[in-house]
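Written out below as structure tokens is the structure these notes cover.
Residue numbers (full-length UniProt numbering): 1 to 322.
Below, the structure is given as structure tokens:
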């Protein structure tokens with residue numbers, strides 16, 4: 001288990017293990033989203049990018065026509081344009097942003113992912129929020145990263161008066177503790193996952209794996225299991241009709257309600273999956289250069305379409321339990 005970066009200790013006690021175990025529970029499948037079912041369960045958001053990315057989000061008709069999304073019986077692909085050289089004064093790179101039709105409160109969501117977008121300038125995310133009530137309704141970033149920098153980072157963004165403790169029962173490392181979107185340029189309270197195979201090219205080389213998020217009024221947990229992980233729970237890998245999070249072990253990221261009233265900071269949220277470029281995070285010149293990326297972000301994205309051949313999500317399924 002990784003030592004906590006802030007405290008230098010795991011912060012684990014018998015009481016924390018007991019309380020953690022008692023909080024978990026059993027959930028029943030309410031949505032099984034696979035293949036063509038993604039078109040039924042999500043809507044396409046052809047909107048200006050809220051993060052000021054070098055992107056042009058297209059609607060469903062255009063996405064299908066340009067082959068930016070396609071489905072089989074067993075998989076769903078969401079990708080960006082990888083053949084157009086962009087005019088620096090024109091629209092950004094064509095890509096896709098989808099939002100679930102349903103909203104969720106207490107629930108478990110399991111994402112079976114075979115591939116995620118990679119490449120300099122990319123900023124992919126799998127997350128939950130209510131766009132019309134942000135940040136008051138809360139935000140959970142399950143998968144997020146930029147410029148192929150590993151590992152994954154899971155983060156909460158909320159209204160004021162919500163923090164997480166600097167140490168807790170988790171496998172990852174706490175990077176920041178103030179969840180308020182008004183604090184430190186909306187850094188949020190973030191946990192860096194243990195092991196580099198949770199994000200980007202390393203994730204893709206192992207054939208992906210499973211991300212799971214459990215949200216209750218007492219805590220929000222994120223787990224990750226690589227495709228070949230012998231400890232991945234059977235109810236996750238088999239897509240069971242019920243899941244028991246008590247058997248899933250210590251999560252990769254654990255956000256307790258000890259310093260944040262989660263019930264008042266989180267409302268009904270949608271699942272959002274999107275791929276943007278550059279913008280407030282991937283385009284940050286310090287982060288972009290530190291990742292070893294060439295030129296500047298927008299110029300690179302404009303001039304190098306073939307660099308985004310692997311900038312795509314591939315999902316086997318999304319399963320939601322309550």
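Virtual Cβ for every residue (Gly too), placed ideally from N, Cα, C.
Check the Cβ-Cβ distances between residue i and every residue of chain D, and say whether any is below 9 Å.
i	result
residue 210	As a matter of chain content, chain D is missing from the structure shown, which is built from one protein chain.
What is the DSSP secondary structure of residue i, counted as helix, strand or coil?
i	result
residue 287	helix
residue 99	strand
residue 197	helix
residue 88	coil
residue 205	helix
residue 31	strand
residue 132	helix
residue 48	coil
residue 244	strand
residue 112	strand
residue 21	Bear in mind that a pLDDT of 43 at residue 21, under 50, signals an unreliable position, so the number given afterwards is only what the model happens to contain. The answer is helix: DSSP assigns residue 21 an H, G or I state.
residue 265	helix
residue 299	helix
residue 307	helix
residue 191	strand
residue 317	strand
residue 214	strand
residue 106	coil
residue 139	strand
residue 15	The predicted position of residue 15 is uncertain, since its pLDDT is 36 and thus under 50; a value taken from the coordinates is nonetheless stated next. Residue 15 falls in the helix class under three-state DSSP.
residue 38	helix
residue 60	helix
Taking residue i as the reference, which of the options has the closest Cα?
i	options	result
residue 87	304, 313, 322	304
residue 130	167, 100, 147	100
residue 180	173, 190, 174	190
residue 323	32, 228, 136, 306	What the structure shows of the chain is the stretch from 1 to 322, and residue 323 is not part of that stretch, so it cannot be assessed.
residue 72	322, 321, 314	314
residue 241	290, 224, 223, 320	320
residue 298	106, 132, 147, 102	147
residue 168	47, 106, 253	253
residue 204	226, 185, 194, 214	226
residue 160	184, 106, 286	184
residue 153	194, 178, 43	194
residue 102	300, 43, 287	43
Under 9 Å, do residue i and residue j count as touching if we go by C-beta distance?
i	j	result
residue 127	residue 30	no
residue 312	residue 97	no
residue 120	residue 259	no
residue 310	residue 151	no
residue 277	residue 123	yes
residue 155	residue 138	no
residue 58	residue 66	yes
residue 318	residue 125	no
residue 187	residue 198	no
residue 37	residue 113	no
residue 41	residue 275	no
residue 270	residue 27	no
residue 192	residue 173	yes
residue 222	residue 232	no
residue 32	residue 308	no
residue 25	residue 296	no
residue 322	residue 106	yes
residue 145	residue 200	yes
Cα separation between residue i and residue j?
i	j	result
residue 62	residue 246	43 Å
residue 210	residue 49	27 Å
residue 316	residue 34	6 Å
residue 255	residue 69	33 Å
residue 92	residue 202	27 Å
residue 51	residue 302	17 Å
residue 171	residue 280	28 Å
residue 219	residue 257	6 Å
residue 75	residue 262	34 Å
residue 142	residue 89	33 Å
residue 136	residue 83	39 Å
residue 39	residue 60	8 Å
residue 265	residue 236	28 Å
residue 45	residue 53	15 Å
residue 410	residue 115	As shown, the chain starts at 1 and ends at 322. That puts residue 410 outside it, with no answer to give.
residue 294	residue 149	14 Å
residue 230	residue 132	41 Å
residue 111	residue 206	16 Å
residue 77	residue 224	20 Å
Mark residue i as exposed unless 16 or more other C-beta atoms lie within 10 angstroms of its C-beta, in which case mark it buried.
i	result
residue 182	exposed
residue 249	exposed
residue 268	exposed
residue 283	buried
residue 292	exposed
residue 251	buried
residue 47	exposed
residue 14	Confidence at residue 14 is low in this model, with a pLDDT of 34, below 50, so the placement of that residue should be treated as unreliable; the coordinate-derived value is given next. Flag for residue 14 reads exposed.
Should residue i be listed as close to the ligand ZN, given that the test is whether its C-beta is under 8 Å from any heavy atom?
i	result
residue 294	Among the components of this structure there are no ligands whatsoever, and the ligand ZN is therefore not found.
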